[in-house]
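First comes the structure, then the notes that go with it.
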Amino acid sequence: QQQVKQSPQSLIVQKGGISIINCAYENTAFDYFPWYQQFPGKGPALLIAIRPDVSEKKEGRFTISFNKSAKQFSLHIMDSQPGDSATYFCAASPTWNTGNQFYFGTGTSLTVIP
Amino acid sequence: SQTIHQWPATLVQPVGSPLSLECTVEGTSNPNLYWYRQAAGRGLQLLFYSVGIGQISSEVPQNLSASRPQDRQFILSSKKLLLSDSGFYLCAWGRGLANYGYTFGSGTRLTVV
Numbered sequence: 578q579q580q581v582k583q584s585p586q587s588l589i590v591q592k593g594g595i596s597i598i599n600c601a602y603e604n605t606a607f608d609y610f611p612w613y614q615q616f617p618g619k620g621p622a623l624l625i626a627i628r629p630d631v632s633e634k635k636e637g638r639f640t641i642s643f644n645k646s647a648k649q650f651s652l653h654i655m656d657s658q659p660g661d662s663a664t665y666f667c668a669a670s671p672t673w674n675t676g677n678q679f680y681f682g683t684g685t686s687l688t689v690i691p
Numbered sequence: 252s253q254t255i256h257q258w259p260a261t262l263v264q265p266v267g268s269p270l271s272l273e274c275t276v277e278g279t280s281n282p283n284l285y286w287y288r289q290a291a292g293r294g295l296q297l298l299f300y301s302v303g304i305g306q307i308s309s310e311v312p313q314n315l316s317a318s319r320p321q322d323r324q325f326i327l328s329s330k331k332l333l334l335s336d337s338g339f340y341l342c343a344w345g346r347g348l349a350n351y352g353y354t355f356g357s358g359t360r361l362t363v364v
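So this is what it looks like as structure tokens:
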């Protein structure tokens, strides 16, 4: 059972456009929501994360929007650049989990066309 | 600062051969350690995690096993590889109860032929 559902599977955006990736979850115990960026042949790297006490977090061109009542969160990449072309994973974790396990979405392959 | 090392980067092994992938973490103590597998074009599948020396939790039944002989060392093994074991294997570490996200290693590309 997929704990975190991510869409779309792939995304093609023109340079300068906005990339939007969506995730949804069911487990209300989740309270930490990171996004990871993975380039081909590399391990995923933490990009940005949010806790449910805020509805939005922005770091540079990357913004997480969080809707607690809908149990949805999304990543917005403003002014998308070819260097942003990568696979993006959303994830979620409950703080009380001593194993600190994260549940990952299935990933979105983003291609930014010059 | 903390760093995570994973090796080898690439491995080609025949079916039926053994496997040993090693992961070590520096700059922290008592980390949570994880092994993930990523099939081509697929998401991240958690294989094993460990919250301490000798403590291994398995998420999926499979041909693989894991061990944690030292606090900052995590090993993924197999006695006999299957073709279906091919994939990109990632080691990661995280803190305890506080959620700071994972830090992933650079991965091992395993091809079983």
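Residue numbers (this note's numbering), protein chains in the order written: chain S, 578 to 691; chain E, 252 to 364.
We put the CB at the ideal spot given by N, CA and C, even for glycine.
Note that this is a predicted model, so its numbers are computed, not measured.
is_contact[residue i, chain E] using C-beta, thresh 7 Å
i	result
residue 659/S	no
residue 626/S	yes
residue 681/S	yes
residue 623/S	yes
residue 611/S	yes
residue 637/S	no
Chain S within 7 Å of residue i, Cβ atoms only
i	result
residue 338/E	no
residue 417/E	Absent from the structure is residue 417/E, since the part of chain E shown begins at 252 and ends at 364.
Helix, strand or coil at residue i according to DSSP, with G and I counted as helix
i	result
residue 358/E	coil
residue 272/E	strand
residue 334/E	helix
residue 320/E	strand
residue 303/E	strand
residue 660/S	helix
residue 607/S	coil
residue 597/S	strand
residue 315/E	coil
Nearest-angstrom Cβ-Cβ length linking residue i and residue j, presumed shorter than 8 Å
i	j	result
residue 363/E	residue 333/E	7 Å
residue 640/S	residue 634/S	7 Å
Cβ neighbours of residue i in the same chain (closer than 7 Å, five flanking residues each side left out)
i	result
residue 662/S	687, 688 and 689
residue 638/S	654, 655 and 656
Contact set for residue i: own chain, Cβ-Cβ below 8 Å, skip 5 residues either direction
i	result
residue 254/E	276, 277 and 278
Residue i burial status per 10 Å Cβ neighbour count (16 or more: buried)
i	result
residue 618/S	exposed
residue 288/E	buried
residue 614/S	buried
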